[in-house]
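Accompanying notes for the structure given below.
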Amino acid sequence: MSKYDRYTFIPQFSLTPNKLALTNKVFVNQESNSVDNPYYDCKSDNPNRIKRVSSNNKVTRQFHNFKISQNAHRNLKNKINWLYFLSKSKYVKTYRGKEIFNFRIGFLTLTLPAKQKHPTIEITKEYFNQLLTELRQRTKMQNYVWRLEFQKNGNVHYHLVTDTYLDFYFVRDIWNRILSKGGYIKDYQDRFKDLSLMEYVSKFNNNSKDNFNQLAKRYALGKKNNWSKPNTVDVKSVVSNKSISNYISKYFSKDSDSNVYCNELDNEDNSKNLRLWFCSRSLSQLKSISNYCEAIDWDCRSLVESIKDAKVKYYRYCCVIYFEIKKASNWIKSKLYKLFHEYSRNLGYIPSG
DNA sequence: GGCATTAAACACGGAGCGCT
DNA sequence: AGCGCTCCGTGTTTAATGCC
Numbered sequence: 073m074s075k076y077d078r079y080t081f082i083p084q085f086s087l088t089p090n091k092l093a094l095t096n097k098v099f100v101n102q103e104s105n106s107v108d109n110p111y112y113d114c115k116s117d118n119p120n121r122i123k124r125v126s127s128n129n130k131v132t133r134q135f136h137n138f139k140i141s142q143n144a145h146r147n148l149k150n151k152i153n154w155l156y157f158l159s160k161s162k163y164v165k166t167y168r169g170k171e172i173f174n175f176r177i178g179f180l181t182l183t184l185p186a187k188q189k190h191p192t193i194e195i196t197k198e199y200f201n202q203l204l205t206e207l208r209q210r211t212k213m214q215n216y217v218w219r220l221e222f223q224k225n226g227n228v229h230y231h232l233v234t235d236t237y238l239d240f241y242f243v244r245d246i247w248n249r250i251l252s253k254g255g256y257i258k259d260y261q262d263r264f265k266d267l268s269l270m271e272y273v274s275k276f277n278n279n280s281k282d283n284f285n286q287l288a289k290r291y292a293l294g295k296k297n298n299w300s301k302p303n304t305v306d307v308k309s310v311v312s313n314k315s316i317s318n319y320i321s322k323y324f325s326k327d328s329d330s331n332v333y334c335n336e337l338d339n340e341d342n343s344k345n346l347r348l349w350f351c352s353r354s355l356s357q358l359k360s361i362s363n364y365c366e367a368i369d370w371d372c373r374s375l376v377e378s379i380k381d382a383k384v385k386y387y388r389y390c391c392v393i394y395f396e397i398k399k400a401s402n403w404i405k406s407k408l409y410k411l412f413h414e415y416s417r418n419l420g421y422i423p424s425g
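Numbering (the working numbering), first residue to last: 73 to 425.
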């Protein structure tokens, strides 16, 4: 009996704002033995399967070792693409009075101002989660994705992408207040409060002339605040006329270029359930528009393939066509926009602004 | 990419606190 | 009362796996 008698394959598609995936849905025919069921292997009694069941019969999860898996990587990129695609372009005025006319999403980096003293899981639970809670409550931030990474010095830092405009000074003050609970602001103050300008400059100087003026300015500002407002936040605004969503999703999921994968206080024991990324509930619902190819009255493949610069890639069990919506002809563009907006609206997704 | 499975982290909003 | 800040209960979401 050939496998084509045992299984029935029905072509299906899965469409997101930047790619179309074509796969087969597999049905097992009645006569076949249960061992041939392709999903049989998913059951934990399969001997070929890597053992994930511990002695008390509970399913154990393999340790992520602080590296994002291929699967998680794909999901993360997908969420950022949805977030950017569905974001509205809006006018915002910064705290300092600067105008941004086409703000779509913001890209924030949150760091620690001193050497990390607590295991990463504690920082995430007690500090970063509190920041998210406050931002949700105070700015109505609803749609966002975050990702945890380690700096070369072993300190954890967090990236946050959202379609709500978050002002640098606003976030910095909240984040620093939260960090002060763990003594991180005090640690920073202790490091700088007794430094003279020359000591400060020699600490950071890399021998360039204009660097000195900058450092002197920073020194003066730090001194004025009594070193109570360390620069723990970096904010980048993504404006609609820049095609930067790719940059973000690459930046977000790039492999760590250093050997540092975690803090020295972290180990498998205290970090096995540490999340490396997460997103808002609004975004977790957004996956892809999918259906059987024959169930729709338009040819999704040729539609997408006709977009300029579309790239077709064949994998072992699926075929994926990557495209950029903005390069599509007007009627394809509007067809896709309509599809995606209807899909997200039906799931209750509300873009900010 | 889709499918099923599981424990445990997380999102989220309601409610509580103290201060003005 | 109104705001800034914190805590907590509950239900939702994630992760790896191996086949097509």
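Think of the CB as a built atom: it goes at the ideal place given N, C-alpha and C, for glycine as much as any other residue.
- Cβ contact annotation for residue 350 (same chain, cutoff 8 Å, sequence separation greater than five): 217, 218, in chain order.
- Nearest to residue 425 by C-alpha distance, out of 237, 84, 150, 382, is 237.
- Taking 8 Å as the cut-off, the Cβ atoms of residue 220 and residue 228 count as close.
- Counting along the chain, the unbroken beta strand (DSSP E) around residue 218 starts and ends at 216–222.
- Taking 8 Å as the cut-off, the Cβ atoms of residue 84 and residue 391 do not count as close.
- DSSP places residue 179 within a strand segment (E or B) once states are collapsed to three.
- Inclusion of residue 310 and residue 180 in the CB contact set at 8 Å is not warranted, their separation being larger than that value.
- A residue is called buried when at least 16 other Cβ atoms come within 10 angstroms of its Cβ; residue 134 does not meet this threshold and is exposed.
- The straight-line gap separating the alpha-carbon atoms of residue 202 and residue 260 is approximately 21 Å.
- In the three-state reduction of the DSSP assignment, residue 361 falls in the strand class, which pools E and B.
- Taking the Cα of residue 284 as reference, the smallest distance to any Cα among 269, 294, 359, 295 is reached at 269.
- For residue 413, the enclosing alpha helix (DSSP H) begins and ends at 402–418.
- Excluding the 5 residues flanking it on each side, residue 300 has same chain C-beta neighbours closer than 7 Å at 257, 261, in chain order.
- Apart from sequence neighbours up to five positions away, the residues of its chain that approach residue 275 with a beta-carbon distance below 8 Å are 267, ordered along the chain.
- Secondary structure of residue 336 (DSSP, three-state): coil.
- By the Cβ neighbour-count rule, residue 293 is exposed, with fewer than 16 other Cβ atoms within 10 Å of its own.
- Taking a contact as a CB-CB distance under 8 Å, the pair residue 91 and residue 394 counts as one, their CB atoms being some 5 Å apart.
- In this chain, the beta strand (DSSP E) harbouring residue 350 covers 349–351.
- Your pair residue 214 and residue 352 checks out as a contact, with CB atoms roughly 6 Å apart and the cut at 8 Å.
- In this structure, 243 is the residue among 290, 287, 243, 298 with its C-alpha nearest to the C-alpha of residue 304.
- Judged by their CB atoms, residue 89 and residue 153 are nearer to each other than the 8 Å cut-off.
- At the C-beta level, residue 372 and residue 222 stay beyond 8 Å of one another.
- Pairing residue 177 with residue 155 gives a Cβ-Cβ distance under 8 Å.
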